[in-house]
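Counting from 1, one number per residue, gives the positions in the sequence shown under the UniProt record's numbering. One structure below.
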Amino acid sequence: MNNDIPVQHIGPQGEVMAHAVDACVHCGFCLPACPTYALLGDEMDSPRGRIVLMKEVLEGALPLADAAPHLDRCLGCQACVTACPSGVPYGELITSFRGWSEPQRERSPLDRAKRAAILKILPAPKVFSLAARVGQYTKPLAPVLPTALRAPLDLLPEHVPAMQPSPRVTPARGQRRGRVAFLAGCAQQALAPNFNAATLRVLARNGIEVVLPEGQGCCGAAALHTGAREEALRLVRQNLAAFDPGDYDAILSNAAGCGAGLKEYPVVLHGLPDEAQARAFAVKVQDISEFLAGLLREGDLEPFLPTSRPLTVAYHDACHLAHAQGVRAAPRELLRAIPGVTVLEVPEGDLCCGSAGTYNLEQPELANQLGVRKARNILSTMPDLIASGNIGCHTQIQSHVRRQGSRVPVLHTVEVLDLAYRGEL
């Protein structure tokens, strides 16, 4: 798609956006893959339509305010990237556009305050944990509150666990066969601390020393995907200073959104002096399932204990693992390696659950429709367990599964592996 985007005035991110627009041939393969198009049936709420809208805004032919409602409804799930035969890097386009356009947006004071609160609380685990605990007491009031206030309360789990600080270094058990750095994440430290505890146990059991570098912080994905580019740049550079890729065999994340965010660092810093540093960093980033599946394929993963009875596990593909990172086989291989486990495929498995970072807080009505649909599809498989690899998906799915009256456990993939090693499945 030819464009007249004034790249020379926009700068390096303009190059990223112009390249993505150029790659689109307007074929429409992305439409059936798009969750908002599936819900709304509007061309402007599809990737193809949004690309046209962004192109026209960048060229000055369309006011930003006219395009903004359709662009705000984009989950950033990147299902369209998987579906696109032309390889359009839509994720790079929408993220860069949001960073470019946000300073020009006219938002209400309430909207600005809500977004600022999200970006202050979400990356601060201790503050997040405190807010979640307070939310437990106000949750009974949720039905009578406005949607904007009800949405975060609806997503809170029945019980907010105590935080479990992770040690700076977890030594390998037995002979050390590798050394990795680990990003601890934000929300999961408050909402699901066992994700990290299980990750450290599984890695140590397989001879991997795990280091949590001092000075690390939020991956920056939430800020980046909501258009807070300057804050995202600060967080990106903070992590680049904390993680020296030369010191580790890999840099691991157990949250799909965080891992995708880390792999985006070269795009975020495109054309800036630290782009090369970001590339050296990103090449070492792996999801925990990628890393463990690599050990499995090499015959270096300790065998799992058999389950006490045959178990069916419905595996949910987190969008930022399957679409943004292209990791699909690894989690399934690991789960199938547990004797007694059968992995179930979920109908409409590629359709986003509606979490999408802060989406279920900013677009709660659409997120709710997707959450209901995802929970119904998962439960239709009649699983014994539900597994996924992202804290946002975990929170969204668990909330909607419970609302539909099911008590099926929702676990992180690495929690399932940890239970198998301990003979507790």
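Backbone N, C-alpha and C fix where the C-beta goes; we use that ideal spot for every residue, glycine too. It should be emphasised that the depicted structure is a prediction, and the values quoted were computed from it without experimental measurement.
- Message: Please tell me whether Asn-2 and Ala-18 are closer than 8 Å, where the distance is taken between their beta carbons.
- Response: Not a contact, by the Cβ cut-off of 8 Å.
- Item | Limits of the unbroken alpha helix (DSSP H) element including Tyr-359 | Here the alpha helix (DSSP H) through Tyr-359 covers 359-362.
- Which word fits Leu-317, buried or exposed, when buried means at least 16 other C-beta atoms lie within 10 angstroms of its C-beta? Correcting the residue identity first, residue 317 is Asp in this sequence and not Leu. Buried, since its Cβ has 16 or more Cβ neighbours within 10 Å.
- Item | Straight-line Cα distance separating Gly-99 from Ala-228 | Cα to Cα, Ala-228 sits roughly 6 Å from Gly-99.
- Message: Is the separation between the beta-carbon of Gln-398 and that of Gly-354 shorter than 8 Å?
- Response: Not closer than 8 Å, so no.
- For Gln-164, name the three-state secondary structure that DSSP assigns. Secondary structure at Gln-164: coil, using DSSP grouped into helix, strand and coil.
- Using 10 angstroms around the beta-carbon of Met-382, count the other beta-carbons present and answer buried if the total reaches 16, otherwise exposed. Exposed is the call here.
- Query: DSSP state of Glu-345, grouped into three classes?
  - Reply: In the three-state DSSP reduction, Glu-345 falls in the strand class (E or B).
- Task: Report the three-state DSSP secondary structure of Tyr-315 (helix, strand or coil).
- Result: Look at Tyr-315 here: in three-state DSSP terms it is strand.
- Boundaries (first-last residue) of the alpha helix (DSSP H) holding Phe-291: 288-297 is the span of the alpha helix (DSSP H), which, as asked, contains Phe-291.
- Which value, in whole angstroms, describes the spacing of the CA atoms of residue 426 and Ala-221? Residue 426 lies beyond the stretch modelled for the chain, which goes from 1 to 425, so this question has no answer here.
- Task: Using DSSP bridges, identify the partner residues of Ser-388.
- Result: According to DSSP, Ser-388 bridges with His-412.
- DSSP beta-bridge partners for Arg-234? Bridge partners of Arg-234: none, in fact.
- Using 8 Å as the threshold, is the stretch 67-77 in touch with the stretch 113-131, meaning 3 or more CB pairs across them? The count of Cβ pairs closer than 8 Å, one atom from the stretch 67-77 and one from the stretch 113-131, stays below three, leaving the stretches out of contact.
- Query: At what residue ranges does the stretch 216-270 contain a whole run of the alpha helix (DSSP H), taking only runs of 4 or more?
  - Reply: Complete alpha helix (DSSP H) runs here, min 4: 221-225, 229-242, 256-263, 265-268.
- Message: So the candidates are Ile-208, Asn-360, Met-54; which of them puts its Cα closest to the Cα of Ala-250?
- Response: Per the Cα distances, Ile-208.
- Task: Report all residues from its chain with a CB closer than 6 Å to the CB of Thr-82; omit the five preceding and five following residues, and keep chain order.
- Result: Closer than 6 Å at the Cβ level, and outside the excluded window around Thr-82, lie His-323.
- Burial state of Tyr-37, where buried means 16 or more other Cβ atoms lie within 10 Å: It counts as buried.
- Item | Span of the beta strand (DSSP E) around Val-25 | From DSSP, Val-25 is part of no beta strand (DSSP E); its letter is neither H nor E.
- DSSP on Phe-281, reduced to helix/strand/coil? In the structure shown, the three-state DSSP call for Phe-281 is helix.
- Message: Using C-beta distances below 8 Å, list every residue in its chain close to Leu-344, excluding the 5 sequence neighbours before and after it, in chain order.
- Response: Around Leu-344: Thr-312, Val-313, Ala-314, Tyr-315, Thr-381, Pro-383.
- Message: Could you compute how far the alpha carbon of Ala-61 sits from the alpha carbon of Pro-85?
- Response: Roughly 28 Å separates the two Cα atoms.
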